[in-house]
Amino acid sequence: MAASHSSAERTLHASLPSNLADYHAFIQTVLEQLRELNWEKEPLFGVHLALEEAISNAIRHGNKEDASKRVEVECRLAPNRFWSRVCDEGAGFKPDEVPDCCRDDRLEVIGGRGLALIRAYMTRVQYNDRGNCLTMEKLLGDPATNGACGCQ
Amino acid sequence: MAKPQRIEVSESANISVVRFIDQKIIDPVAIQELGQELFDLVEKDERRKIVLNFRNVEFLSSAALGKLITFEKKAKRIGAELILTNISPEIFQVFAITNLDKLFKIKDSEADALAVL
């Protein structure tokens, strides 16, 4: 893991293996650094969940847990802003085609909730055209998620 | 049932009260074990009234939500009643965002759940 500090922003970068057991230490480092920047419990919960879902999606669905592939994660941390890009080596996907988990007839469908959670907790979420790189940003002070279904 | 590693189960009348041992339900192996221990309650031990107490749970991923959905489907198919309780505001928000507050019966406390089961 690489890290750099400037007075305004800290940058963390990690090249993670496609293994669902090996990325949690990186997330904990990000959370610790945000705590040092005085981030409070509630927005930290959202960052934790969004990073957890983004990285595990990249490993599970993007790289399909292929040990020869990596997940590249960059995080930029500031007192009022969290920014991250998570890229896998998979073929990509179209986020608009992920089924809407808010529909009442889909309540019992197992998957598709990670992206809904990312959208709900982040201020801005964007995929590249190929659909293998997720960029997300959380600005402190944005309207807090109101608990409404975040699926679509 | 083998000694559970991810849950503690106590009996109150004919109701099984389940408490989660892990504060953070993220690790895929732990989620798999948790799921199996929950499934065993209804499939092997034939428990038919279950309270899941989330007091100890501080964080859970969508993979954990998926396992809870599978458990709810199994319980419903078998005819077991399931109520979730003591969910923190942060975790409740996760349920609300993913619409699962509509799927699960949720009560504030164990006592509230025991009163209606």
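So the protein sequences, as listed, match chains A and B.
Going by my numbering, the first residue of the first sequence is number 2, and it counts up by one from there.
Going by my numbering, the first residue of the second sequence is number 6, and it counts up by one from there.
Ideal Cβ positions, reconstructed from N, Cα and C, are used throughout, including at glycine.
Counting only the Cα atoms, residue 80(A) lies some 22 Å from residue 127(A). Interface flag for residue 62(B) against chain A is unset, since no Cβ pair is found closer than 8 Å.
Residue 75(B) and residue 62(B) have their C-alpha atoms spaced approximately 19 Å apart.
Here residue 53(A) is not near residue 21(B), since their CB atoms are 8 Å or more apart.
Within the same chain, Cβ atoms closer than 6 Å to the Cβ of residue 102(A) are found at 113, 114, 117, 152, the five residues on either side in sequence being excluded. Of all residues in the segment 65-81 of chain B, those with a C-beta nearer than 8 Å to a C-beta of chain A are 66, 67, 68, 70, 71, 74, 75, 77, 78, reading in chain order. Annotation: Cβ neighbours of residue 111(A) in chain B (cutoff 8 Å, chain order): 71, 74, 75.
Secondary structure remark: continuous beta strand (DSSP E) runs of at least 3 residues inside the segment 51-93 of chain A, in chain order: 71-79, 82-88. For residue 112(B), the pairing in a beta bridge is given by DSSP as 90(B). Excluding its 5 nearest sequence neighbours in each direction, residue 97(B) has C-beta neighbours in its own chain below 8 Å: 106, 111, listed in chain order. As the crow flies, the alpha-carbon of residue 88(B) is around 16 Å from that of residue 40(B). Look at residue 90(B): its C-beta is not under 8 Å from any C-beta on chain A.
Secondary structure of residue 43(A) (DSSP, three-state): helix. Contacts with chain B at 8 Å (Cβ-Cβ) do not include residue 135(A). By alpha-carbon distance to residue 33(B), the top candidate from 20(A), 73(A), 142(A) is 20(A).
For the set 55(A), 49(A), 61(A), the Cα lying nearest the Cα of residue 64(B) is the one of 49(A).
Residue 67(B) carries a helical assignment under DSSP once its states are collapsed to helix, strand and coil. Around the CB of residue 52(B), 16 or more other CB atoms lie within 10 Å, so the residue is classed as buried. Where residue 20(B) is concerned, the enclosing beta strand (DSSP E) starts and stops at 20-25.
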